[in-house]
Every structure is written in C-alpha cells, then in structure tokens.
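Visitor:
Chains as they are written, first to last, in our numbering: chain A, 1 to 222; chain B, 223 to 444.
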C-alpha cells in the first residue's frame, strides 16, 4: 500500500475518533447542565462525566460556552429535521381550497404534535441565555447564534406558509420570533405547573394559543 | 390619656418601623439579586446589605423566595400605575374616528415611551423564574403570582383597548400573555446586544414589532 493512502486512512480513523470524543463530551455536558444548572456546571464535571481528562476537553473545546454552542447546534438540527418531516408529510395533504381559521388551526396542531418533549432543552437553553445576559463576550456569541437559528427557521417556515397559500402580515422573521417566544414560554409554563407531560406532545398552552396566533399573523395570498 | 389610645399609637409606630425594615430589606435584596444573581444571593448577604441581622430578616420574611415576591409586588405596582397614567393621559386624546393601522401604531408607541428602563428587573425576574423551574414548591407560588399579574394586566389593558373601539381577536388573557412575552424577549435582546439604552425608553425590538402585533391581535368592535 502506498504511504499516502495509509496516511489518508489514519487521518480518517483519527477524525472519526475525534468526532466520537466530541459527541461524548456534548452528551456529558447536556446531562451535567440539566442536573446541576448551566451556571454551576464546570469543565471538570463535564470531562469526568464523559470519562476524559480536562486535557481531552480542552483539545476539543476552548470553553464550556463553546461546548454549549456545539450542543445547541446538534439540538437545533434535530428540530429542523423534525419540522421538515412535517412539511414533507403534512403539507402535501392540504387541498387546493383556501384554509379556514379552523383548518389552519388543525394544521398547526398537527405540527405541534410532531414535537417531542423539550423541557430539558428548554431549561438548559434558558439558563444559558441568562448566563449570556451577564457576560458581554458570551452575549455577542449568543446573539449571533440566535440570529442564525431564527433566520434558518424563518426560511423553512416562510416557505411552508407560502406553499399553503398564506403569507405573514408582518415581517416573517418578526412573526417567527413571536411564535418561538410563545412556544418557549408555554414550555416554561408547563415546567412551572409541574405538568409531567408525555414524551410526544407540545405544551398545553402552545396547543391552545399557537393556532390562534398563527391565524392572526397570516393572510391569504391575494 | 387612656391606655387603649396609647396602645394604638404604639402599634402605629411599631407598624411604621416594621414597614421601613421590610422596605430596606426589599431594597437590599434587589441590589444583591442584581449584582450576584438570584441563585447565589443569600439571606446573609441581603441582611448585611440592609444593615440588619439575620434575625431581623426572619422576623419579616420566611425565605429569600418570599422576599422576592414582596419585591415583585412592589415593582409590578409601579408598572401598573405608570400604565394607568398612560391610559388617563393618552387615551382621552384619541378622537372618535376609527383607528387605522398607523394611528394604532402611534398609540402603542406612545405607551412604550412611558416605560422606563427595565433591564435590571428583567434579569432578576428571569433568574427567579428559572430558579422556580427547578424547585416545585417555589414553582407553585410563581405560577400563582404570574397568573395574578396577568389577570390584573389583562383587566387594565382590555378596558383601555375597548375604550378606543377595539377588541382582541383571541382570548384577552392569551393576547396579553403574548404581548408580555414579546416585551420581555425584546428587553432580553437589548441586554444581550449590549444596548446601554437610555433610562426612558422601551427596547428597540419592542418599538418595532409591538405595534404590528397589537394590530394583528385586535379588530374594531363592529
């Protein structure tokens, strides 16, 4: 075997091992964040939980905050994919007839039913946001992350809304921001109310208010 | 002087002194919460800041959480009064003609301009909410407090909206919940973006999106 191929294989093995280490650190961080709170979680605790040394941590992530953003990217990717599955499966079933308030409500409800239980992620993300609010450097990264998330989500939802003959009556990214706020706040309410929830449903408050909000923020394309 | 009158006077002095002690503890708690974070703040730190012993603290409040609710009641009362001033001063200037999207927008903007800078309260309240999300006993009190706040606010705003010939298109308390969410989230965004703000204005995102949201959630009374 020529040496350059051997090197390429070694690099591939090395890269797979590195990915595995990163994934284990991300898993461990999610657990520690959820158990002790994002603020109290330390690099030591996360490394130990993953079964690595602090050295292994620092050869993958510069800080606990950088690890949070890697976790957030993974979590959001899962949610974008789930949403896209909804778009691909549910929207083709919508007929040609204009949506009524009721049929739009049913559509939103079907999308909400696709969401699995987000309460652990809700707490971890809310805690990280507060940590960012008290640290200007983390805040700058958080703003960029949040903006990117909202832009991706807006692109996806705006296209879906257009495909059923509707459009937002205010700036799409503002509408999506308001919808995301309502969803997060409904999730927080479910946690505060000690509603154990089931693993396959959106929080009750979102199921009640979100269809009405989407109706209020959209109009038929004339 | 008959002894019962003397007793009444003594009780009055005693009650005034007690109120003063409570106020000082509430002021000190607000400072400590804002500086160190609600989670890290201790009864010791708050008592010391107020210049009292822990004994004085515990003869007024059972826990740090109970003190938070006393602070929240005071802060919310200030905001309700400010809002009512807006209702009393601004609304009588609204003419008989139906509000257009533009004139409604200007009206909402005038109300927002009445709000003073809320970022310290925003951080402290957000941190307390998260603390409640991790403690079932505090959560129960928080839910009752939040429900009461929202009911009072809804009563006030629903009456104001009706007096200019409008009504909400969804349940008023749900509409107010969504509006409050947007306002809080706009405040958090202003903090994250390091916008120092001035002491007499609502956050930029709220000034941009709130008029459009209120328009979307209301309709003329037919």
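Virtual Cβ for every residue (Gly too), placed ideally from N, Cα, C.
May I ask you to report which of helix, strand or coil DSSP gives residue 198 of chain A?
Guide: Position 198 of the first chain, counted from the start, is the residue given in the question as residue 198 of chain A. The pLDDT assigned to residue 198 of chain A is 49, lower than 50, so where the model puts this residue is not dependable, and the model offers no usable value.
Visitor: If we ignore side chains and look at the alpha-carbon of each, how far apart do residue 421 of chain B and residue 336 of chain B end up?
Guide: Locating residue 421 of chain B in the second chain gives position 199, counting from the first residue. Locating residue 336 of chain B in the second chain gives position 114, counting from the first residue. With a pLDDT of 47 at residue 421 of chain B, under the threshold of 50, the modelled position of this residue cannot be trusted; read the value that follows with caution. Straight-line Cα distance between these residues: approximately 11 Å.
Visitor: Would you please verify whether the beta carbon of residue 288 of chain B is less than 9 Å from any beta carbon of chain A?
Guide: Sequence index remark: in the second chain, residue 288 of chain B carries index 66 (1-based). Answer no: the Cβ-Cβ gap between residue 288 of chain B and chain A never drops below 9 Å.
Visitor: What residue does the beta strand (DSSP E) around residue 391 of chain B start on, and which one ends it?
Guide: The residue given as residue 391 of chain B occupies position 169 in the second chain. From DSSP, residue 391 of chain B is part of no beta strand (DSSP E); its letter is neither H nor E.
Visitor: Put residue 218 of chain A into one of helix, strand or coil per three-state DSSP.
Guide: Start at 1 with the first residue of the first chain, and residue 218 of chain A comes out as number 218. Residue 218 of chain A: strand per DSSP, three-state reduction.
Visitor: Give the residues of chain A in contact with residue 266 of chain B, contact being defined as C-beta atoms less than 8 Å apart.
Guide: Counted from its first residue, the second chain places residue 266 of chain B at position 44. Under the 8 Å cutoff, chain A gives no residues; its nearest Cβ is about 19 Å from residue 266 of chain B.
Visitor: In three-state terms, what does DSSP make of residue 134 of chain A?
Guide: Within the first chain, residue 134 of chain A is the residue found at index 134, counting from 1. Note: residue 134 of chain A maps to coil in three-state DSSP.
Visitor: Are the beta-carbon atoms of residue 212 of chain A and residue 105 of chain A separated by less than 9 Å?
Guide: Within the first chain, numbered from 1, the residue matching residue 212 of chain A stands at position 212. Within the first chain, numbered from 1, the residue matching residue 105 of chain A stands at position 105. Against a cut-off of 9 Å, the Cβ pair of residue 105 of chain A and residue 212 of chain A comes out as a contact.
Visitor: Below 8 Å, how does it come out for the region 404–414 of chain B and the region 426–443 of chain B: are there three or more Cβ pairs, yes or no?
Guide: The region 404–414 of chain B vs the region 426–443 of chain B: in contact.
Visitor: Within its chain, find whatever has a CB closer than 6 Å to the CB of residue 289 of chain B; leave out the 5 residues flanking it on each side and keep chain order.
Guide: Here residue 289 of chain B refers to the residue found at position 67 of the second chain. Cβ within range, chain order: 251, 283.
Visitor: Select from the region 178–189 of chain A all residues with a C-beta closer than 7 Å to any C-beta belonging to chain B, and list them in chain order.
Guide: The region 178–189 of chain A vs chain B, Cβ under 7 Å: 178, 181, 182, 185, 188.
Visitor: Is residue 198 of chain A close to chain B? Criterion is C-beta to C-beta, closer than 9 Å.
Guide: Position 198 of the first chain, counted from the start, is the residue given in the question as residue 198 of chain A. Residue placement at residue 198 of chain A is flagged as unreliable, the pLDDT there being 49, under the threshold of 50; the coordinate-derived value follows with that caveat. No, because no Cβ of chain B sits closer than 9 Å to the Cβ of residue 198 of chain A.
Visitor: For residue 125 of chain A and residue 350 of chain B, what's the separation of their Cα atoms in angstroms?
Guide: For the purposes of this step, residue 125 of chain A is taken as the residue at position 125 of the first chain. For the purposes of this step, residue 350 of chain B is taken as the residue at position 128 of the second chain. About 15 Å.
Visitor: Apply the 10 Å Cβ neighbour rule to residue 58 of chain A and answer buried if 16 or more other Cβ atoms are within range, or exposed otherwise.
Guide: For the purposes of this step, residue 58 of chain A is identified with residue 58 of the first chain, where counting begins at 1. That one is exposed.
Visitor: Going along chain A in order, which residues have a C-beta closer than 8 Å to the C-beta of residue 322 of chain B?
Guide: Locating residue 322 of chain B in the second chain gives position 100, counting from the first residue. None at all; the shortest Cβ gap to chain A is about 15 Å.
Visitor: Quick check: the Cα distance between residue 308 of chain B and residue 333 of chain B, rounded to an integer number of angstroms?
Guide: Position 86 of the second chain, counted from the start, is the residue given in the question as residue 308 of chain B. Position 111 of the second chain, counted from the start, is the residue given in the question as residue 333 of chain B. The straight-line gap from Cα to Cα measures roughly 6 Å.
Visitor: Can you find a C-beta in chain B that's less than 9 Å from the C-beta of residue 129 of chain A?
Guide: Walking along the first chain from the start, residue 129 of chain A turns up at place 129. Closer than 9 Å to some Cβ of chain B, the Cβ of residue 129 of chain A qualifies, so yes.
Visitor: So that I know if they touch, is there some Cβ in chain B lying closer than 9 Å to that of residue 63 of chain A?
Guide: For this step, residue 63 of chain A is matched to residue 63 along the first chain. It does not; no Cβ of chain B falls within 9 Å.
Visitor: Assuming residue 330 of chain B is part of the alpha helix (DSSP H), what are its boundary residues?
Guide: By one-based count along the second chain, residue 330 of chain B stands at place 108. From DSSP, the alpha helix (DSSP H) with residue 330 of chain B extends over 323–336.
Visitor: Just to check my reading of the structure: residue 254 of chain B and residue 271 of chain B have Cβ atoms closer than 8 Å, yes? What is that Cβ distance to the nearest angstrom?
Guide: Start at 1 with the first residue of the second chain, and residue 254 of chain B comes out as number 32. Start at 1 with the first residue of the second chain, and residue 271 of chain B comes out as number 49. Their Cβ separation, rounded to whole angstroms, is 5 Å, which keeps residue 254 of chain B and residue 271 of chain B in contact under 8 Å.
Visitor: Can the beta-carbon of residue 162 of chain A be found closer than 9 Å to that of residue 90 of chain A?
Guide: In the first chain, the residue the question calls residue 162 of chain A occupies position 162. In the first chain, the residue the question calls residue 90 of chain A occupies position 90. No, they are not a contact pair.
Visitor: Grouping DSSP H, G and I as helix and E and B as strand, with all else coil, what is residue 346 of chain B?
Guide: Within the second chain, numbered from 1, the residue matching residue 346 of chain B stands at position 124. Three-state DSSP puts residue 346 of chain B in a helix.
Visitor: Would you mind telling me which residues of chain B sit closer than 8 Å to residue 194 of chain A, beta carbon to beta carbon, in chain order?
Guide: Residue mapping note: residue 194 of chain A aligns to position 194 of the first chain, counting from 1. What residue 194 of chain A touches in chain B: 358, 361, 362.
Visitor: Do three or more CB pairs link the region 168–180 of chain A to the region 145–159 of chain A at distances below 8 Å?
Guide: Touching, yes.
Visitor: Answer with yes or no whether the minimum CB distance from residue 126 of chain A to chain D is below 9 Å.
Guide: No chain D appears in the structure shown, which is made up of the protein chains A and B.
Visitor: Could you list which residues in chain B have their beta carbon closer than 8 Å to that of residue 132 of chain A, in chain order?
Guide: As a working mapping, residue 132 of chain A is identified with position 132 in the first chain. Those are 414, listed as they occur along chain B.
Visitor: Determine, using beta carbons only, whether residue 176 of chain A comes closer than 9 Å to chain B.
Guide: Translated into the one-based positions of the first chain, residue 176 of chain A becomes position 176. Output row for residue 176 of chain A: interface = no.
Visitor: Taking only beta-carbon atoms, is residue 328 of chain B less than 9 Å away from chain A?
Guide: As a first step, residue 328 of chain B must be located in the second chain, where it is residue number 106. Not closer than 9 Å to any Cβ of chain A, the Cβ of residue 328 of chain B fails to qualify, so no.
Visitor: Give me the Cβ distance between residue 143 of chain A and residue 414 of chain B, rounded to the nearest whole Å; I'm assuming they're in contact under 8 Å.
Guide: Here residue 143 of chain A is taken as the residue at index 143 of the first chain, counted from 1. Here residue 414 of chain B is taken as the residue at index 192 of the second chain, counted from 1. 5 Å between Cβ atoms; contact.
Visitor: Using a Cβ cut-off of 7 Å, pull out every chain B residue sitting near residue 143 of chain A, in sequence order please.
Guide: Along the first chain, read from residue 1 onward, the residue named residue 143 of chain A stands at position 143. Within chain B, the residues near residue 143 of chain A are 414, 415.
Visitor: In the DSSP assignment, find the alpha helix (DSSP H) that holds residue 310 of chain B and state where it starts and stops.
Guide: Taking the first residue of the second chain as 1, we reach residue 310 of chain B at position 88. Unbroken alpha helix (DSSP H) run through residue 310 of chain B: 286–312.
Visitor: Counting only beta-carbon separations shorter than 9 Å, does residue 248 of chain B have a partner in chain A?
Guide: Locating residue 248 of chain B in the second chain gives position 26, where the first residue counts as 1. Residue 248 of chain B does not count as touching chain A.
Visitor: Are the beta-carbon atoms belonging to residue 41 of chain A and residue 20 of chain A less than 9 Å from one another?
Guide: Taking the first chain and counting its residues from 1, one reaches residue 41 of chain A at position 41. Taking the first chain and counting its residues from 1, one reaches residue 20 of chain A at position 20. Not in contact: residue 41 of chain A and residue 20 of chain A (Cβ atoms no closer than 9 Å).
Visitor: Nearest to residue 319 of chain B by CA position, among B:363, B:386, B:410, is which residue?
Guide: Here residue 319 of chain B corresponds to residue number 97 of the second chain, with the count starting at 1. Measuring from the Cα of residue 319 of chain B, the nearest candidate turns out to be B:386.
Visitor: Could you pull the start and end residues of the alpha helix (DSSP H) that residue 47 of chain A belongs to?
Guide: Locating residue 47 of chain A in the first chain gives position 47, where the first residue counts as 1. Its alpha helix (DSSP H) spans residues 43–50.
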